[in-house]
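Let me begin by presenting the structure, written as structure tokens, before commenting on it.
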Amino acid sequence: MTNTQLQTGLRIAFVVGEFPGVPGAFILNQVADLIDRGVLVTIFAFKHGSLENVSDRYYAYKMGDMVRTMEMPASYAQRIAVAPEKFFTLWKRSPLSALRALNVFRHGRNALSLKTLFWAAPFADVSFDLVHCHFGPMAMKYLVIKDILGLAQKMVVTFYGYDVSQIVKQKGAGYYARLIKEASLVLTMSENMRGRVIALGFPPEKVFPLPVSVDVPSYPFERREAPREGPVRLVSVGRFVEKKGFDDLLRALFELKKRTAKKFLCYIVGEGEEHDRLHALAKELNVEDVVSWQNFMKEQDLVRYYMDKHLYVQTSKTAPNGDME
């Protein structure tokens with residue numbers, strides 16, 4: 014792909030919570046696939062993610078050069094020190110935009126904390142044809158940026174799970190009221206999720222299921238057969254959060270261990286807030302001898318890791334806080 018081809022293609026702004034990030038590799042792959050199709054992508058991230066275990070495609074496509082971070086310092090004093098630069102960046106685009114960013118009557122605490130300055134400034138000198146917001150709450154933040162800068166581009170929103178379950182339970186059914194009016198297209202991970210999104214009030218004709226795709230050639234075919242000797246090797250991958258159901262997986266392994274004399278070993282790959290609880294549960298259930306814990310790894314290493322495993326196990330459930338896939 015030449016620079017000329019990129020410059021003459023469609024320009025899309027990705028609005029994401031964190032970039033890059035191992036759990037969000039699907040967004041990184043979307044960026045790479047769009048670039049392959051001649052699309053110029055600019056990534057606006059509310060937080061700069063860790064480069065640890067990031068996909069090889071991040072470096073191959075020089076995605077670091079595409080990222081504009083909206084993250085602000087935790088210290089208010091540090092924000093004040095940087096704020097003039099952000100303010101004048103907006104002022105150069107439009108004095109009205111700079112003033113809107115500090116309008117506490119319209120933006121409340123977001124303006125008082127200076128979030129609105131840090132959110133809007135990275136957009137001030139970038140042109141794009143379409144904005145794609147990943148996750149509902151990121152789209153809600155983008156609406157603030159849209160107001161400040163007077164942006165008129167059409168907006169695509171993709172919902173992924175917690176943003177139509179946990180968030181709605183916490184914020185109430187009216188949380189997305191404005192987004193319902195302003196989103197041009199809404200994508201969901203499944204027909205089930207489409208139904209939940211429509212139930213919130215989004216027009217059915219704007220909502221389409223489009224699951225996260227898999228680059229099939231990246232996963233070499235390997236015939237799996239039960240081993241005559243040695244253990245059956247299972248693998249499960251995901252973030253250690255309640256909705257992923259790893260506690261249920263450990264309980265299932267406990268039952269399996271009781272019911273079969275066949276040797277097996279389950280490799281669990283992941284990290285997250287439930288780490289300590291899951292390890293304690295494995296000890297309590299006495300399944301530590303049939304579980305091997307692995308930290309997150311980059312996508313390419315994970316594909317190789319799958320090759321000598323016999324079964325992939327995927328658990329999922331609704332967490333007590335309403336979070337679900």
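Each position in the sequence shown, counted from 1, maps to that position plus 13 in the numbering used here. Glycine residues also receive a C-beta, built at the ideal position from the N, C-alpha and C atoms.
Simplified DSSP assignment, three categories, for Q91: Position 78 of the sequence shown, counted from the start, is the residue given in the question as residue 91. Helix at Q91.
Per DSSP, the bridge partner or partners of K60: What you label residue 60 is simply residue 47 of the sequence shown in a count that begins at 1. The partner list for K60 (beta bridge, DSSP) reads E31.
For V169, the nearest candidate out of H147, E242, I40 (CA to CA): What you label residue 169 is simply residue 156 of the sequence shown in a count that begins at 1. Of the listed residues, the one whose Cα sits closest to V169 is H147.
Start-end ranges of the alpha helix (DSSP H) lying completely within the segment 117 to 195, minimum 4 residues: 117 to 125, 128 to 133, 149 to 162, 179 to 184, 190 to 195
Alpha carbon of K154 to alpha carbon of P224, nearest angstrom: Against the sequence shown, residue 154 aligns to sequence position 141. Against the sequence shown, residue 224 aligns to sequence position 211. So the two alpha carbons sit approximately 24 Å from each other.
Pick from L130, K105, Q327, P33 that is closest to K75, judged by C-alpha positions: Translated into positions along the sequence shown, residue 75 becomes position 62. Checking every option, the nearest Cα to that of K75 belongs to P33.
L222, DSSP secondary structure in three states: For the purposes of this step, residue 222 is taken as the residue at position 209 of the sequence shown. Looking at the sequence shown, residue 222 is not Leu but Pro. Correct three-state label for P222: strand.
Spatial distance of Q327 from F259 (CA atoms): As a first step, residue 327 must be located in the sequence shown, where it is residue number 314. As a first step, residue 259 must be located in the sequence shown, where it is residue number 246. Those two C-alpha atoms are separated by around 9 Å.
For V300, three-class secondary structure by DSSP: Here residue 300 corresponds to residue number 287 of the sequence shown, with the count starting at 1. Of the three classes helix, strand and coil, the one that applies to V300 here is coil, per DSSP.
When N299, F172, P230 are compared against P222, the one with the closest alpha-carbon: Counting from one through the sequence shown, the residue named residue 222 turns up at place 209. Considering only alpha carbons, the answer is F172.
Residue burial classification, F57 (beta-carbon count within 10 angstroms, cutoff 16): In the sequence shown, the residue the question calls residue 57 occupies position 44. Flag for F57 reads buried.
Local Cβ density within 10 Å of L64, reported as buried at 16 or more and exposed below that: As a working mapping, residue 64 is identified with position 51 in the sequence shown. Looking at its Cβ environment, which holds fewer than 16 other Cβ atoms inside 10 Å, L64 is exposed.
Secondary structure of R317, DSSP reduced to three states: Looking up residue 317 in the sequence shown gives position 304. Helix, per DSSP.
Identity of the residue in G62, S110, P150 nearest A133 by Cα: The count along the sequence shown starts at 1 and reaches residue 133 at position 120. Of the candidates G62, S110, P150, the one whose C-alpha sits nearest the C-alpha of A133 is S110.
Nearest-angstrom Cα separation, counted from L294 out to A152: Indexing the sequence shown from 1 puts residue 152 at position 139. Indexing the sequence shown from 1 puts residue 294 at position 281. In a straight line, the C-alpha of A152 is about 37 Å away from that of L294.
Cβ neighbour criterion (16 or more within 10 Å) applied to D78: Position 65 of the sequence shown, counted from the start, is the residue given in the question as residue 78. Exposed: under 16 other Cβ atoms inside 10 Å.
V80 - partner residues in DSSP beta bridges: Indexing the sequence shown from 1 puts residue 80 at position 67. Note: V80 sits in a beta bridge opposite I56.
Proximal residues to Q18 (C-beta, below 8 Å), its chain only, five neighbours per side dropped: Residue mapping note: residue 18 aligns to position 5 of the sequence shown, counting from 1. Confidence is the limiting factor: at Q18 the pLDDT is only 42, short of 50, which leaves the residue's position unreliable and the question unanswerable from this model.
Bridge partners - Q307, DSSP secondary structure assignment: In the sequence shown, residue 307 corresponds to position 294, counting from 1. V282.
Identified DSSP bridge partners for R24: By 1-based counting over the sequence shown, the position of residue 24 is 11. Partner(s): L53.
Residue environment, V227, which counts as buried when at least 16 other CB atoms sit within 10 Å: As a first step, residue 227 is located in the sequence shown; it is residue number 214 there, counting from the start. Classification of V227: exposed, given that the 10 Å Cβ count is below 16.
Which of helix, strand or coil DSSP assigns to Y325: Counting from 1 along the sequence shown, the entry for residue 325 is found at position 312. If DSSP states are grouped into helix, strand and coil, Y325 belongs with the strands.
Backbone secondary structure at T201 - three-state DSSP: Numbered from 1 along the sequence shown, position 188 holds the residue referred to as residue 201. Reduced to three states, the DSSP call for T201 is strand.
Within 8 Å, strictly: CB atoms of I161 and R113: As a working mapping, residue 161 is identified with position 148 in the sequence shown. As a working mapping, residue 113 is identified with position 100 in the sequence shown. Contact: yes.
Exposure of Y72, with buried meaning 16 or more beta-carbon neighbours within 10 Å: Reading the sequence shown from its first residue, position 59 is the one you call residue 72. So Y72 counts as exposed.
Exposure of D302, with buried meaning 16 or more beta-carbon neighbours within 10 Å: Along the sequence shown, one-based indexing puts residue 302 at 289. Result: exposed.
Selection from G243, A212, S178 that minimises the alpha carbon distance to G149: Sequence index remark: in the sequence shown, residue 149 carries index 136 (1-based). Looking at the Cα atoms, S178 is the closest of the given residues.
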